[in-house]
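For reference, the structure is listed below as structure tokens.
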Amino acid sequence: MEVRNLEQIGLEKLLSVINLAFSDYIVPLKWTLEILKAKIESEDVKLTLSTGVFDADKMVACMLHGIRATDDGLMVYNAATGVIPDYRGKGLVAKMYDSLLPELKKLKVKKMVLEVITGNHSAIKAYEKMGYTVARKLDCYSGKPHIKKNSTAATLKELDSFSWSEFTSFWDILPSWQNAIQTLENSKENCRVIGAYMNDLLVGYAIFNPTSRKINQFAIAKDHRGQGIGSQIFSHINEVVEQQEVYVYNVDHTADSTLGFLKSIGLREKIAQFEMSRMCN
């Protein structure tokens with residue numbers, strides 16, 4: 010079996026391997042070609058840094074990696090790792106990493122990050138053997154919001170741009186790679202932005218994709234919490250998505266106020282993940 014990068018691999022072939030690899034996963038996954046393309050673009054996935062294992066001409070495993078410059082140096086993100094059922098237990102993930110690490114060292118990558126479902130003990134052990142440690146726990150919520158009382162404390166406005174200096178001042182936690190500033194900048198044509206104002210002052214916001222119904226970011230200014238502004242924003246999103254299920258993924262487990270709010274409007278935890286990281290020497 011041979012490991013090589015995915016630069017010359019057609020996306021349809023890559024998609025079929027990913028879907029087969031995740032067909033019996035803890036949370037079964039089935040992507041479309043559009044979802045895969047959007048993930049590659051929004052998460053800065055580079056196929057030259059993504060690897061596959063090939064048995065003759067058959068791709069049996071793959072690993073997608075995104076790369077970004079941060080204040081602490083280059084960071085690489087494992088956007089997806091999958092091995093098709095018949096080829097598991099053969100150490101293929103380790104083989105892909107063995108092939109990738111020299112390339113990352115050439116680029117002087119400082120840090121590697123990934124996410125893994127907390128119940129996937131075999132994967133966690135495999136990553137630990139490769140030097141990864143748990144950095145934090147991320148909770149994933151979904152459901153149909155049930156807003157008990159529709160507050161009118163704030164005036165909601167659709168925004169046509171991201172006001173990051175204001176948005177980040179509301180944060181208690183840092184978003185994961187999938188919800189990070191760069192990810193949303195890369196996919197802004199698919200995003201809608203809602204701002205909540207009191208006396209012309211921005212006091213809260215949400216960024217969401219009305220098609221996938223994923224809420225990537227939302228936050229309320231600390232001095233304006235508990236006034237129903239979050240409920241007001243989610244009530245608006247609920248109307249936009251026509252009362253369908255929404256998804257709020259990768260919320261830091263220590264964000265008590267955020268998690269408490271999600272529970273209060275009827276959303277429930279779907280899965281939990283560990284964000285794991287390792288330094289590159």
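In our numbering, the protein residues as written are 10 to 290. Cβ coordinates follow ideal geometry from the N, Cα and C atoms, glycine included. These numbers come from a predicted model, not from an experiment.
In the DSSP assignment, what residue or residues form a beta bridge with K223? As a working mapping, residue 223 is identified with position 214 in the sequence shown. Partner(s): N218 and Y256.
Count the other CB atoms, across all protein chains shown, that sit within 10 Å of the CB of L211; report buried if there are 16 or more and exposed otherwise. Within the sequence shown, the letter at position 202 stands for residue 211. Result: buried.
Could you name the residues of the same chain whose beta carbon sits closer than 6 Å to that of I93, not counting the 5 residues immediately before and after it, in chain order? Here the question's residue 93 lines up with position 84 in the sequence shown. Contacts found: L29, A30 and V69.
Output needed for V36: all residues of its chain with C-beta closer than 8 Å, excluding positions within five of it in sequence on either side, in chain order. Taking the sequence shown and counting its residues from 1, one reaches residue 36 at position 27. Taken in chain order, the residues that qualify are I126, K279 and I280.
Evaluate the contact criterion for the segment 212 to 227 versus the segment 236 to 255: three or more CB pairs, one atom per stretch, below 8 Å. yes
Just to confirm before moving on: does the CB-CB distance between W40 and I49 stay below 8 Å? Counting from 1 along the sequence shown, the entry for residue 40 is found at position 31. Counting from 1 along the sequence shown, the entry for residue 49 is found at position 40. Cβ atoms of W40 and I49: not closer than 8 Å.
Please check the pair E112 and L58, which I expect to be a contact at CB under 8 Å, by giving their CB distance rounded to whole angstroms. The residue you call residue 112 lines up with position 103 of the sequence shown. The residue you call residue 58 lines up with position 49 of the sequence shown. Between L58 and E112 the Cβ distance is about 6 Å, and since that is below 8 Å, they are a contact.
Can you tell me which of the three DSSP states F283 falls into? Position 274 of the sequence shown, counted from the start, is the residue given in the question as residue 283. Three-state result, F283: strand.
Taking K67 as the reference, give the member of V12, K146, R201 and K138 with the closest Cα. For the purposes of this step, residue 67 is taken as the residue at position 58 of the sequence shown. Here the closest residue by C-alpha is V12.
Of all the beta strand (DSSP E) runs that stay within the bounds of the segment 76 to 132, which reach a length of 3 or more residues? 82 to 92 and 118 to 126
Should the segment 128 to 136 be called in touch with the segment 183 to 192, which here means at least 3 C-beta pairs below 8 Å? no
From Q236 to F176, what distance separates their C-alpha atoms? Start at 1 with the first residue of the sequence shown, and residue 236 comes out as number 227. Start at 1 with the first residue of the sequence shown, and residue 176 comes out as number 167. Approximately 18 Å, taken between the alpha carbons.
Which one of I229, N129 and V143 has the shortest CA to CA distance from L165? Looking up residue 165 in the sequence shown gives position 156. Cα-wise, what sits closest to L165 is I229.
For the segment 27 to 61, which segments carrying the alpha helix (DSSP H) assignment without a break, of at least 4 residues, lie completely within its bounds, in sequence order? 42 to 51
Name the residue from E194, G204, T142 and D209 whose alpha carbon lies nearest to the alpha carbon of Q241. In the sequence shown, counting from the first residue as 1, residue 241 sits at position 232. With distances taken between Cα atoms, Q241 lies closest to G204.
What span of residues does the beta strand (DSSP E) with I203 cover, start to end? Taking the sequence shown and counting its residues from 1, one reaches residue 203 at position 194. Per DSSP, I203 belongs to the beta strand (DSSP E) from R201 to M207.
Please report the straight-line C-alpha distance between K117 and I76, rounded to a whole angstrom. Within the sequence shown, the letter at position 108 stands for residue 117. Within the sequence shown, the letter at position 67 stands for residue 76. Their Cα atoms are separated by approximately 12 Å.
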